[in-house]
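> After the structure tokens below, expect a handful of questions from me.
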Ligand code: 5RP
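In the numbering used here, the protein residues as written are 664 to 898.
Right, here's the structure in full:
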């Protein structure tokens, strides 16, 4: 393998350590993003070379394609019904292992799959560790119908909740609105700092038009942190 940059090395070592937690016979939720892609490649190698027997439930069409390419048996969540473990990346994690996810646009399937798992393991380079969530824009998946009205409602609610940063933007892709695997749009909320993540997550999900938000509260059980020098820490 070519020499990896420190950030890729950090993602790779975290993914490799988490892959070692996977046991024969497990049904495994497969996350989305560049770190999760390392995991899928590691698991694929274990399937092909060590005879590891797992079934994977991908959290996006991208991950499904990669998983099949590397030789992992792919099944749907409804076929699996319940998962032994989900391993996924994150955009931010705090000391309580609460997360911001959705930078890659797959937060809805990711949250459904993680919630249907005995345990969720997050893999991340150390740069994703924060004291308070919110520097990374919070993704919120919204229905395309009336999305501007939903955006305005979110902005008004942020004001009434005294949230400092209130700027919201529609995620774009090549000049057109980004479309998720479920056919929805994503609003990115530039909040800087989320004082009460639990409350914000609940309030957002009560709004008509909002499908899901990228705050993962009390869902993650463990974080595997990779460092650019190849060290790994499990919390
Ligand atoms: C996708 C996600 C990703 O896990 C998150 O964006 C981290 O991505 P990466 O590993 O590429 O930094 O939530 O929706």
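For each residue, glycine too, the CB sits at the ideal point set by N, CA and C.
Using only Cβ atoms and a threshold of 6 Å, which residues come within that distance of a heavy atom of ligand 1? Order them by chain position.
694, 695, 696, 697, 698, 699, 751, 752, 753, 754, 764, 765, 766, 767, 768, 769, 770, 773
> Would residue 784 and residue 750 be called neighbours here (beta carbons separated by less than 8 Å)?
yes
> For residue 888, does the three-state DSSP call read helix, strand or coil?
strand
> Please classify residue 764 as buried or exposed, where buried requires at least 16 neighbouring CB atoms within 10 angstroms.
Counting other Cβ atoms within 10 Å of its Cβ, residue 764 reaches 16 or more and is therefore classed as buried.
> Could you give the distance in angstroms between the alpha-carbon of residue 745 and the alpha-carbon of residue 684?
18 Å
> My guess is that residue 870 and residue 816 are in contact by the Cβ rule of under 8 Å, so how many angstroms apart are they, rounded?
6 Å
> Less than 8 Å between C-beta atoms, sequence neighbours within five positions excluded: which residues of the same chain meet that for residue 798?
755, 855, 856
> Figure out for me which residue from 729, 858, 694, 862 has the closest Cα to the Cα of residue 795.
Measuring C-alpha to C-alpha distances from residue 795 to each of 729, 858, 694, 862 identifies 858 as the nearest.
> Considering only the beta carbon of each residue, do residue 803 and residue 740 sit closer than 8 Å?
no
> What does the alpha-carbon distance come out to for the pair residue 727 and residue 733?
10 Å
> Please state the DSSP three-state secondary structure of residue 676.
helix
> Excluding five sequence neighbours on each side, which residues of the same chain lie with their C-beta closer than 7 Å to the C-beta of residue 678?
698, 701, 702, 705, 786
> Beta-carbon separation of residue 793 and residue 851 under 8 Å?
no
> Output yes or no for whether 8 Å exceeds the beta carbon distance between residue 642 and residue 762.
This structure cannot speak to residue 642, because the chain is shown only from 664 to 898.
> Looking only at its own chain, which residues have a Cβ that is under 7 Å from the Cβ of residue 716, when we skip the five neighbours before and after it?
687, 688
> Go to residue 819, then tell me how far its alpha helix (DSSP H) extends in each direction, as first and last residue.
810-823
> Below 8 Å on the Cβ atoms is my contact criterion, and I expect residue 831 with residue 872 to pass it. Report the Cβ-Cβ distance as a whole number of Å.
No, residue 831 and residue 872 are not in contact; Cβ-Cβ is about 13 Å, not under 8 Å.
> Whose C-beta lies closer than 7 Å to the C-beta of residue 721 among residues of the same chain, with five residues either side of it excluded?
693, 727, 730, 737
> Could you compute how far the alpha carbon of residue 743 sits from the alpha carbon of residue 690?
7 Å
> Would you list the residues sitting across from residue 873 in a DSSP beta bridge?
805
> Going by beta carbon distance, what residues of the same chain come within less than 6 Å of residue 885, once the five residues before and after it are set aside?
784
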